Amino acid sequence: PAAGMVSLIVPTMARTPLIGYRLVVLALVGTGFLSFGLWVHHMFATGIPQLSLSFFSAASMAVTIPSGIQIFAWIATMAAGRMQFKTPALFVLGFLAIFVIGGLTGVMVAVVPFNWQVHDTYFIVAHLHYVLFGGMVFPLFAALYYWTPFVSRKPLSERLGRWVFGLIFTGFNVAFFPMHITGLAGMPRRVYTYPADLGWDWLNLVSTVGAFMIAAGVLVFLIDVARNFRIAISHSAGNVFNAGTLEWLPTGNYSVRSIPTVISREPLWDQPHLAEEVEAGRHYLPRTATGRRETIITSPVDAKPQYLLQLPGPGWSPFVAAVGTAAFFLLLTVKWVVAAVVCGVIAIVMMIRWMWGSDPGASHAPVDIGGGVTLPVYVTGPKSHSWWAMVCLLLVSGTLFASLVFSYFYLWTVAPEVWPAGGDALPALWHPLIAAGLLLASSGVIASASRALQRSVARVAGGGHWAVRIALLVALLFLVGAFAIELYGQWQAGLTPTESSYGAIVYMAAALQGQFVAVLVIMGLYTVARSLRGLLDGRRRATFDNTMLLWHYTVAQGLVTLAVLHGFPRLAG
Numbered sequence: 026p027a028a029g030m031v032s033l034i035v036p037t038m039a040r041t042p043l044i045g046y047r048l049v050v051l052a053l054v055g056t057g058f059l060s061f062g063l064w065v066h067h068m069f070a071t072g073i074p075q076l077s078l079s080f081f082s083a084a085s086m087a088v089t090i091p092s093g094i095q096i097f098a099w100i101a102t103m104a105a106g107r108m109q110f111k112t113p114a115l116f117v118l119g120f121l122a123i124f125v126i127g128g129l130t131g132v133m134v135a136v137v138p139f140n141w142q143v144h145d146t147y148f149i150v151a152h153l154h155y156v157l158f159g160g161m162v163f164p165l166f167a168a169l170y171y172w173t174p175f176v177s178r179k180p181l182s183e184r185l186g187r188w189v190f191g192l193i194f195t196g197f198n199v200a201f202f203p204m205h206i207t208g209l210a211g212m213p214r215r216v217y218t219y220p221a222d223l224g225w226d227w228l229n230l231v232s233t234v235g236a237f238m239i240a241a242g243v244l245v246f247l248i249d250v251a252r253n254f255r256i257a258i259s260h261s262a263g264n265v266f267n268a269g270t271l272e273w274l275p276t277g278n279y280s281v282r283s284i285p286t287v288i289s290r291e292p293l294w295d296q297p298h299l300a301e302e303v304e305a306g307r308h309y310l311p312r313t314a315t316g317r318r319e320t321i322i323t324s325p326v327d328a329k330p331q332y333l334l335q336l337p338g339p340g341w342s343p344f345v346a347a348v349g350t351a352a353f354f355l356l357l358t359v360k361w362v363v364a365a366v367v368c369g370v371i372a373i374v375m376m377i378r379w380m381w382g383s384d385p386g387a388s389h390a391p392v393d394i395g396g397g398v399t400l401p402v403y404v405t406g407p408k409s410h411s412w413w414a415m416v417c418l419l420l421v422s423g424t425l426f427a428s429l430v431f432s433y434f435y436l437w438t439v440a441p442e443v444w445p446a447g448g449d450a451l452p453a454l455w456h457p458l459i460a461a462g463l464l465l466a467s468s469g470v471i472a473s474a475s476r477a478l479q480r481s482v483a484r485v486a487g488g489g490h491w492a493v494r495i496a497l498l499v500a501l502l503f504l505v506g507a508f509a510i511e512l513y514g515q516w517q518a519g520l521t522p523t524e525s526s527y528g529a530i531v532y533m534a535a536a537l538q539g540q541f542v543a544v545l546v547i548m549g550l551y552t553v554a555r556s557l558r559g560l561l562d563g564r565r566r567a568t569f570d571n572t573m574l575l576w577h578y579t580v581a582q583g584l585v586t587l588a589v590l591h592g593f594p595r596l597a598g
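Counting from 26, one number per residue, gives the positions in the sequence shown under the numbering used here.
Take a look at the structure:
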């Protein structure tokens, strides 16, 4: 998030487009990919295998390449333009200086021998604060000063903002730079006192002074907010920095009067009359086409309009669902399990109620959205945004599952003695075979239900479809049965989750699969309910398509789980 903020703020402050935009995007993706291996440098001193040390040490160093690309792109943009040294720019410059220092010490701790020397010392405290505080807090302050005029009647004070930056930047370096020296002098983390003759006292005193300077800077910021921040939507201070990006287009509570066509990444710079054109309704959707809330769904690359999406109307369901979700997790942290379960059930019910109106079907003929463009109001399959949302969810789920499988094999490399030898203490082979058969059968039944739904296009919408409903219920029984047989087999074999790391990882895999099965039970029954209400047919099938996607993924995940849990111990001997 911080890199994205900086990539928007720097071009505005420099009055020129971001140099190397495509490279910056690729660098962001590369950083995200390499981050999957960065966390292991926290375990360099725990005795992990030599191969793992080498691999993850290389990953910790390799992340400097995409990070460096972004740093140089921002510096080049500043050099190419006419930099305005407003408060957001000052915080960006502070971010660059501090984050680069944190990155340099990051390369140091990526080297395993050096990591062993400074592990769990104040050097690590200094490094992580230079990375986290410099890499996130400074860009966040820049963003607060940059975007506050978007939602406030007045921008924050430039004079106070400079004081905020000066106090926080100076205080941060006074507080945390000495910790590098303290750590190299041997001071460990997480100690509240130490002997007076170790030479750490004056360094910690300097750090304490810096901490109070940071607090003073935050206090000045809060004073600035109290004096100048006055929330406003229609009459905000507006684009005080003359940014070129589209979020600064004047809007009201209803968003924009019409949806504009843009020709560049900085449309407010390249189309100076765009705001007047939008307010005059000269672009897409100058008025409602269906009488409901609407938005245009476009192609992902060139933003070509594809269809008109009808949105649910106002209601309390999303708010109650959000409160219930937050309460569920917060109550679990204090072990109020019963109250957490109640809040979770409320959240699920409210989500279902909210989603009920999100698949209205083709309630209108294709509509004119302006500019001579006519769009359908309903699509299904890969053209639908919800289909792609489910695909993205499955990619995230697959990543989570891959991490679990990796953990399974990693535990085997460090503690092979707790694995059942040669198939001993494993469930009988018929358990996974029957479970796999039921999983495949459930997937096949869902596929046949899809074909039956497609054949119903020629029938009356909402009429019949008992074959689809029965197929969904039968597939649910197969899915739940497969999960129950696998869980029963492990338990009957005498394996418990508290017995060993092997037992813990097996039941963790079962819990993950059970979570997906539980979600599919809800989605399957929801789909059946929509069919009973006449809201599901061959054309109006987005709900079914999304359920089918998750279904096939859950079956595939279950089959891989069975192969790993039952096949690998037998093959490994």
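Heads up, the beta-carbon is just placed ideally off N, CA and C, and yes, glycines get one too. Since the structure is predicted, the reported quantities are computational estimates derived from the model, not experimental observations.
Burial state of residue i, where buried means 16 or more other Cβ atoms lie within 10 Å
| i | result |
| --- | --- |
| Gly488 | Only weak support is given to the placement of Gly488: the predicted model assigns it a pLDDT of 46, under 50, and the value that follows is read from those uncertain coordinates. Burial call: exposed. |
| Pro594 | buried |
| Ala305 | exposed |
| Tyr578 | buried |
| Gln17 | In this structure the chain extends from 26 to 598, so residue 17 is not present and cannot be described. |
| Val485 | Only weak support is given to the placement of Val485: the predicted model assigns it a pLDDT of 49, under 50, and the value that follows is read from those uncertain coordinates. Exposed, since its Cβ has fewer than 16 Cβ neighbours within 10 Å. |
| Ile530 | buried |
| Ser261 | buried |
| Asn267 | exposed |
| Trp444 | buried |
| Phe354 | exposed |
| Ile123 | buried |
| Gln517 | exposed |
| Glu511 | buried |
| Phe163 | buried |
| Gly131 | buried |
| Gln109 | exposed |
| Ala28 | buried |
| Ile288 | exposed |
| Thr424 | exposed |
Residues bridged to residue i [DSSP beta-bridge criterion]
| i | result |
| --- | --- |
| Asp393 | Thr399 |
| Ser475 | The partner list for Ser475 (beta bridge, DSSP) is empty, contrary to what the question assumes. |
| Glu319 | Gln335 |
| Ser280 | Gly277 |
| Tyr309 | Ile284 |
| Ile530 | In the DSSP output, where bridge partners are listed per residue, Ile530 has none listed. |
| Ile256 | Ser177 |
| Pro330 | Thr323 |
| Pro213 | Thr146 |
Option in the options with minimal Cα separation from residue i
| i | options | result |
| --- | --- | --- |
| Thr89 | Val134, Arg107, Gly119 and Phe246 | Val134 |
| Ala257 | Trp576, Thr276 and Ala440 | Thr276 |
| Arg47 | Ile94, His67, Val35 and Phe61 | Ile94 |
| Ala427 | Pro407, Ala534, Pro113 and Leu465 | Ala534 |
| Asp570 | Met548, Phe61 and Met376 | Met548 |
| Thr599 | His152, Trp294, Phe354 and Ser280 | Residue numbering for the chain in the displayed model covers 26 to 598; residue 599 lies beyond these limits and cannot be assessed. |
| Thr405 | Ala492, Ala390, Ala440 and Tyr332 | Tyr332 |
| Gly196 | Tyr155, Val156 and Gly242 | Gly242 |
| Thr438 | Asn229, Gln75 and Arg307 | Gln75 |
| Arg564 | Ala351, Arg494, Ser475 and Leu458 | Ser475 |
| Ala554 | Arg494, Cys417 and Ala300 | Arg494 |
| Leu418 | Ile377, Ser324, Val363 and Phe541 | Phe541 |
| Phe190 | Val234, Phe202, Asp249 and His152 | Asp249 |
| Leu115 | Gly506, Ala543, Arg187 and Arg312 | Arg187 |
| Val546 | Pro174, Ser467 and Val54 | Ser467 |
| Thr586 | Ile371, Leu458, Ala236 and Leu501 | Leu458 |
8 Å contact criterion, which residue i and residue j should meet: CB distance rounded
| i | j | result |
| --- | --- | --- |
| Ala477 | Ala496 | 7 Å |
| Gly119 | Phe194 | 5 Å |
| His490 | Ser388 | About 19 Å; that fails the 8 Å criterion. |
| Ser383 | Pro337 | 5 Å |
| Gln335 | Pro385 | 5 Å |
| Val231 | Val199 | 6 Å |
| Ser283 | Gly395 | 7 Å |
| Gly127 | Gly160 | 7 Å |
| Tyr219 | Trp225 | 6 Å |
| Leu274 | Ala300 | 6 Å |
| Trp379 | Ala346 | 6 Å |
| Val150 | Gly208 | 7 Å |
Proximity test, residue i beta-carbon vs the ligand FAD heavy atom, cut-off 7 Å
| i | result |
| --- | --- |
| Thr130 | Looking at this structure, you won't find the ligand FAD or any other ligand, since it has none at all. |
### Task
Mind listing, in chain order, the continuous alpha helix (DSSP H) runs of no fewer than 4 residues lying wholly within the stretch 101-188?
You should have 112-135, 137-143, 147-157 and 163-176.
### Task
Write down every uninterrupted run of the beta strand (DSSP E) in the stretch 401-455 whose length is 3 residues or greater and which is fully enclosed by it, in chain order.
Counting only runs of 3 or more, we get nothing.
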